[in-house]
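Just so you know, we're using my numbering here: the sequence shown kicks off at 1 and counts up by one. Report on one structure; see the data block that follows.
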Amino acid sequence: MFDAFLKIDGIPGESTDDKHKDWIEILSFSHGVAQPVSRTSSSAGGAGAERCEHQDYTIVKYLDKASPKLYEYCSTGQHIKEITLELCRAGGDKLKYMEVKMEEVIVSTASPGGN
């Protein structure tokens, strides 16, 4: 289990966590990286294409005050200067064990939902 928080330049969230005040609380996320393999590899190696392919980050969060701005940014294609994703140990001292910083980010999809 982990607690996850997202800080987006210009879009405040509703987190009340001491270390992540006004960040967006994240329920889950996913991201993948693939290394394409060359079909012409030799016994000397060189099977990798030498560059990886990153998938989009998919973030699941509650509907909150950040949601309308995210829909707006998706609709207009406006770039976000910087986004920081932090994963912390759940409860207690919230030890940070992963941080991802991204620059010049575009919101490619925004999908509201409910149950």
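Just so it is clear, CB atoms sit at the ideal spot from N, CA and C, and this is done for glycine as well.
Mind checking which residues open and close the beta strand (DSSP E) that includes S30?
For the purposes of this step, residue 30 is taken as the residue at position 30 of the sequence shown. Residues 24-30.
At the level of alpha carbons, what is the spacing between K21 and V37?
Locating residue 21 in the sequence shown gives position 21, counting from the first residue. Locating residue 37 in the sequence shown gives position 37, counting from the first residue. Those two C-alpha atoms are separated by around 43 Å.
Give me the residue from T58, R89, S111, V100 with the minimum Cα distance to F2.
Taking the first residue of the sequence shown as 1, we reach residue 2 at position 2. The option with the nearest alpha carbon to F2 is R89.
Can you check which of these residues, V60, F5, E72, is closest to S30 by C-alpha distance?
The count along the sequence shown starts at 1 and reaches residue 30 at position 30. Relative to the Cα of S30, the nearest Cα in the group V60, F5, E72 belongs to V60.
Does the Cβ-Cβ distance between K81 and E103 come in under 8 Å?
Taking the first residue of the sequence shown as 1, we reach residue 81 at position 81. Taking the first residue of the sequence shown as 1, we reach residue 103 at position 103. Yes, the pair counts as a contact, with Cβ atoms nearer than the cut-off.
How many whole angstroms separate the CB atoms of V107 and L70, which I take to be in contact at a CB cut-off of 8 Å?
To locate residue 107, count along the sequence shown from 1; it is residue 107. To locate residue 70, count along the sequence shown from 1; it is residue 70. Confirmed, Cβ separation roughly 6 Å.
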